[in-house]
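Quick notes on the structure that follows.
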Amino acid sequence: MITPRFSCSQSTESVMVSIYCPSVRASDVEINVDETLVTVHINPYFLRLNFAHRLVEDDESSAQYDPGTGYLIVTLTKEVKGQEFPDLDLLAKLLAPRQSEPVSAPTIEVIETSDAPEEDTEELIRRTNGLTLEQEEILQAAENDWQLPQAVPEPLPPLHLTTTKFYGFLDMHSGYFTHVSHTENEVNELGTDVESCPVEERRTRRLKYEEEKWDAEYYMADFADDEHIQELLVWQHPYLTQDGDPVYTEAENMIMLRLPRKEYMPTADQQHNLYLTLISVLFSYAYDARTTLHDPTSESAWTICSLTPAFSALDAPPYWQAQDQPLSSGEAVFSTEEILSTLVQSYRRVLAFPLYRSFVLADSCRMDVAKVLSRGKRMALRCLLDLKKILDHHDIYYVYSKIWVDDLCVWIQTLGSDEILKGLAKTIEALRLPKSAVGWDLEELEAVVLQTAERDSDSDDDTGE
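Per UniProt numbering, the sequence shown starts with residue 1, numbered consecutively.
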């Protein structure tokens, strides 16, 4: 069955679903309403939508088909008149399956119980009398409070039933890099071991590779000759200059319709870490958008993937491990340390890999991320759709769209919270990341450049005299 293009709107009393299904027979349409679930079937199209509140089919409901335009307009009555239906523009959220009800009652019931018969008691006595000598000693020790020698058992090594390692969104993916040796994947930092590399080893290799790629002279050259970088700093993203919520284009709606139909049930810790990953991904997007003036080039896919540790080394946040207890359900408290550690990884990548390696440029990207998050999940989704389009059009790096970006686009619509995103935005905006945090002597290198420039200036003055 084909999922048709559609859009939703509402009035105070009804919800209207506009479905594009050209060249069909209007008499064959089947519409079913089950509380919040609405299904529309008209061969070869099938659409199932799950709304936030209940709808009913009554005399005021209707379905009208216009053969000229190919649109079927389905009007359904709200059970509670005047009730606001949220997120009608988030198509993936409407297409997501209805949440299953949690099991609250016990699933095992004791029908009856009875005392053990006398013959069972005698059998137990007979078996006890047959204890070995070692077992008798243990019983006597317990009875007389003897102190038998004891030792703390050695911890068992982690049990791995398979050599397969998982990665990507919620560690749901594997097998995407089986033939990586036959592709020109310049982003992959794990080599041919990418499918079998443990999580701890991924981070070790990433940090080692960053140290190898760090070039102090390159940084000093960009710091000394920063005329073009200064031009990039004053640029503003066109999305962030518009007021109100973004209105998705037809192309963006089509991308959302092609997203996978998945239902995610992350734990509180996983949900927490996904917000941190979102910060890292949006930072890479912000760098590419700023350095290309929002006009992606053939290098944009490489830039985005290289700046995102979750892509290049399959190393997703958290990068700073709190000593607190695991998060309780629904908790969304982010410490300054873990947000700082997430941004530090992005700053390091900016200073080690792309064309423009500037700390102040990385700082501008941080502020771009804060502005995007302050506009809520709709703006974050729009940026993710931009990023997805860039990766999908690349012959090799599209794989990172499959293992991360597709799922992030669905997740932000269905489980993302505007309140949490705006809280993160405030923290990121107020954060001041010291240059020493990246682990390289940036201030010393900058001081050398400034001293050299001052000495050259003095020398020119002497020559002029």
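Don't be surprised by glycine CBs; every beta carbon is placed ideally from N, CA and C.
Does DSSP classify N185 as helix, strand or coil? coil
8 Å CB neighbourhood of A453 in its chain, flanking five on each side removed: A224
Within the same chain, show all residues whose beta-carbon is closer than 6 Å to that of F283, passing over the 5 residues directly before and after it, in chain order. S346, C365, V369
Considering only C-alpha positions, which residue in the set S306, G423, Q413, E444 is nearest to D87? Q413
Through-space distance from G423 to L276, alpha-carbon basis: 13 Å
Measure the C-alpha to C-alpha separation of Y209 and S181 and round it to an integer number of angstroms. 19 Å
Taking 8 Å as the cut-off, does the region 351-362 touch the region 375-391 (at least 3 CB pairs, one atom from each stretch)? no
Would R25 be called buried (16 or more neighbouring beta carbons within 10 Å of its own) or exposed? exposed
Beta-carbon within less than 7 Å of F169's beta-carbon, same chain only, minus the 5 sequence neighbours each way: which residues are those? I403, W404, D407, L408
Suppose you measure from the CA of V350 to the CA of V360; what does that come to, to the nearest Å? 11 Å
Classify S280 as buried or exposed, calling it buried when 16 or more other Cβ atoms lie within 10 Å of its own Cβ. buried
Runs of beta strand (DSSP E) wholly within the UniProt domain "CS" (1-89) (minimum 3 residues, chain order): 5-10, 14-20, 30-34, 37-42, 45-50, 62-66, 71-78
Grouping DSSP H, G and I as helix and E and B as strand, with all else coil, what is H173? strand
Determine the direct distance from the alpha carbon of R290 to that of A313, and round the result to whole angstroms. 24 Å
Could you give the first and the last residue of the continuous alpha helix (DSSP H) run that contains S374? 359-374
My output table needs one value for Y167: the three-state DSSP class, helix, strand or coil. strand
Report all residues from its chain with a CB closer than 8 Å to the CB of T292; omit the five preceding and five following residues, and keep chain order. S300
So, are the CB atoms of P246 and R54 less than 7 Å apart? no
Whole-angstrom distance between L47 and P97, CA atom to CA atom: 12 Å
Please classify G416: is it buried, with 16 or more other beta-carbons within 10 angstroms of its beta-carbon, or exposed? buried
What is the C-beta distance between V15 and F85, in whole angstroms, given that I count them as a contact (C-beta under 8 Å)? 6 Å
Whole-angstrom C-beta distance between M220 and V449, which should lie under 8 Å: 5 Å
CA-to-CA distance, D295 to W302, given in whole angstroms: 15 Å
Whole runs of the alpha helix (DSSP H) within the region 181-266, excluding any shorter than 4 residues: 199-213, 216-224, 227-233, 250-257
Short Cβ contact (7 Å threshold) for T178 with I396: no
Which word fits D89, buried or exposed, when buried means at least 16 other C-beta atoms lie within 10 angstroms of its C-beta? buried
Roughly how many angstroms separate the alpha carbons of R261 and L91, rounded to a whole number? 11 Å
Which term fits M93, buried or exposed, when burial requires 16 or more other beta carbons within 10 angstroms of its beta carbon? Note on residue identity: the sequence assigns Lys, not Met, to residue 93. Classification of K93: buried, given that the 10 Å Cβ count is 16 or more.
Which whole-angstrom value describes the C-beta separation of V33 and I19, a residue pair presumed to lie in contact below a C-beta threshold of 8 Å? Wrong, their Cβ atoms sit about 15 Å apart, outside the cutoff.
Given that a residue counts as buried once 16 or more other Cβ atoms are within 10 Å of its Cβ, and exposed if not, what is V74? buried
Is the separation between the beta-carbon of D28 and that of N43 shorter than 7 Å? yes
Taking the straight line between their C-alpha atoms, what separation do you get for A251 and R258? 11 Å
Can you give me the Cβ contacts of P317 inside the same chain, cut-off strictly under 6 Å, excluding the 5 residues immediately before and after it? N273, L276, T277, T342
From M379 to I2, what distance separates their C-alpha atoms? 28 Å
Proximal residues to V152 (C-beta, below 7 Å), its chain only, five neighbours per side dropped: Reliability fails at V152, whose pLDDT of 47 lies under 50, so the model's placement of it is uncertain and no value is given.
Would Y264 pass as a contact of W411 if the rule is Cβ separation under 7 Å? yes
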